[in-house]
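Residue numbers (our numbering): 679 to 1123. For every residue, glycine included, the Cβ atom is placed at its ideal position computed from N, Cα and C. Given the structure is predicted, the values throughout are model-derived calculations rather than measurements. Scroll down for the structure; my scribbles are underneath it.
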């Protein structure tokens, strides 16, 4: 059996440099070989931000540093970065070579902190873990080495109506900007103040300093990001509520908002439930008004639309899209493929969540990080009617082979430009419907 993973849909740990890029005016500094930044930029595309990917400052670890160590070179790079770039936060991320050599990057970061520089170090050697897990390491390191410096002026849980949201992984989720923006809008709609932390709607490092003030945290994830919520619970006594998948469409979004609303009230938030429910009602009615407008279209094209789907994505999207497609679009989820290398300890919970979608229909789920094997499995499947594959750009040819429709919704995605589109929420559900049927109609001539 080959040990090579084909069509890997995530990166090594240093890919979490994108989590730094997503913080306004924060800069990753790579203590790694010169190819690491290029590799990450090539995988995620259009993701350089303020200074990321191939523009990230880098120590360009070479044979000389392998022999003699690279800490002096790194010290020079950090000092020069402060001279050249106007930054609010610098985060040093280590690559495989520096991880093997054992450079004391933490001590170097402490040198600069003693000079009053906002800097954090994170061990992200590629052999340690993938970028899903490394995202939590980066966030927790920023909390411990930066946020905590301001803890005295940001009393723990001093703002019961404020929440920190941990959800879409920047750039790994192609819809992260739109999704985080929609979570912020929805949660503010029910009466909360939201620290979204990443993206243009974040207040940058000022918001990161205020993390301890939140009365509680909201985690939207089947597994990734959980170490962040657990860490904040231990560090600042902040409880958290976890929604186990991306809430897409009316059913899941209503459930998500009411779960957060109930949790907020249990934790002493001063929210007017009547106003919150009125907001949810308006959002729901606007959603179903658009669904009603679909009736004529669906009646006219009912024999030419996809009736089943295969999804190749991370666990949050596989579960969220499966529930949405079955209950709100009328497309039956068939075999689903989770490609995020989900840790074994979470797989049974995800299976149970997917099984709860319907008591009349089983939705098979396969946990397989080797997307080449996933594609081979789909090639051998046969279902009646027209199918659709929702996955990354790599799956476009497979869809053509199977004569299926195709929706690009996962990285890498060279066939689609995503700026601020969201798939989360009421509006996200409508966008999924638009995208599916737009692609279907494009096949008619």
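Next on the checklist: Contact between the segment 930-937 and the segment 873-884 is defined here as three or more beta-carbon pairs at a separation below 8 angstroms; is this criterion met?
Outcome noted: no
Item to check | Those runs of the beta strand (DSSP E) which lie wholly inside the segment 1061-1115 and span at least 3 residues | outcome: 1065-1070 and 1083-1088
Checklist entry - Going by DSSP, what residues sit across from residue 808 in a beta bridge? => result 690
Checklist entry - When we look at the beta-carbon of residue 750 and count the other beta-carbons within 10 Å, is it buried (16 or more) or exposed? => result exposed
Checklist entry - Would the segment 1084-1091 and the segment 833-842 be scored as touching if the rule is three or more Cβ pairs under 8 angstroms? => result no
Item to check | Contact set for residue 782: own chain, Cβ-Cβ below 8 angstroms, skip 5 residues either direction | outcome: 749
Next on the checklist: Looking at residue 892: is its Cβ nearer than 8 angstroms to the Cβ of residue 873?
Outcome noted: yes
Next on the checklist: Among the candidates 727, 690, 693 and 1111, whose CA atom is the shortest distance from the CA of residue 969?
Outcome noted: 1111
Checklist entry - If you draw a straight line from the C-alpha of residue 779 to the C-alpha of residue 726, how long is it? => result 28 angstroms
Checklist entry - Would you say residue 813 and residue 688 are within 8 angstroms of each other, going by their C-beta atoms? => result no
Item to check | Status (buried if at least 16 other CB within 10 Å, exposed otherwise) for residue 857 | outcome: buried
Checklist entry - The beta strand (DSSP E) with residue 768 in it runs from where to where? => result 767-772
Next on the checklist: Between which residues of its own chain and residue 1050 is the CB-CB distance below 7 angstroms, once the five residues before and five after are set aside?
Outcome noted: 684 and 685
Checklist entry - Which class does residue 824 belong to by DSSP, given the choice of helix, strand or coil? => result coil
Checklist entry - So, helix, strand or coil for residue 682, using DSSP? => result coil
Checklist entry - Does the Cβ-Cβ distance between residue 1047 and residue 1009 come in under 8 angstroms? => result no
Checklist entry - Between which two residues does the alpha helix (DSSP H) containing residue 929 stretch? => result 927-944
Checklist entry - Nearest CA to the CA of residue 834: which residue from 966, 802, 1065 and 915? => result 915
Item to check | Inter-residue Cα distance where the pair is residue 1016 and residue 1042 | outcome: 11 angstroms
Checklist entry - Does the segment 753-769 come close enough to the segment 728-737 to have 3 or more Cβ pairs within less than 8 angstroms? => result yes
Item to check | Spatial distance of residue 679 from residue 1109 (CA atoms) | outcome: Annotation note: pLDDT 40 at residue 679 (below 50); position unreliable, no value reported.
Next on the checklist: For residue 948, count the other beta carbons within 10 Å of its own beta carbon; 16 or more makes it buried, fewer makes it exposed. Which is it?
Outcome noted: exposed
Checklist entry - Between the C-alpha atoms of residue 927 and residue 800, what's the straight-line distance to the nearest angstrom? => result 37 angstroms
Checklist entry - If you run the structure through DSSP and keep just helix, strand and coil, what is residue 923? => result coil
Checklist entry - Could you give the uninterrupted runs of the beta strand (DSSP E) lying entirely in the segment 692-716, keeping only those of 3 residues or more? => result 704-709
Checklist entry - Cα separation between residue 1074 and residue 978? => result 27 angstroms
Next on the checklist: Measuring straight from C-alpha to C-alpha, what distance separates residue 699 and residue 1060?
Outcome noted: 43 angstroms
Checklist entry - Can you tell me the Cα-Cα spacing of residue 1013 and residue 1039, whole angstroms? => result 12 angstroms
Item to check | residue 890 versus 942, 952, 941 and 824, residue with shortest Cα-Cα distance | outcome: 824
Item to check | Continuous beta strand (DSSP E) stretch holding residue 797: start and end | outcome: 797-800
Checklist entry - Which residue comes first and which comes last in the beta strand (DSSP E) that contains residue 871? => result 871-873
Next on the checklist: Measuring CB atoms only, is the segment 705-723 touching the segment 767-779, in the sense that at least three cross pairs come out at less than 8 angstroms?
Outcome noted: yes
Checklist entry - Any idea what DSSP makes of residue 720, helix, strand or coil? => result helix
Next on the checklist: Just to confirm my understanding: we take residue 815, look at its own chain, exclude 5 residues before and 5 after, and list those with CB closer than 6 angstroms. What are they?
Outcome noted: 800
Checklist entry - For residue 848, which residues does DSSP report across the bridge? => result 851
Checklist entry - With C-beta atoms as the reference, is residue 705 less than 8 angstroms away from residue 768? => result yes
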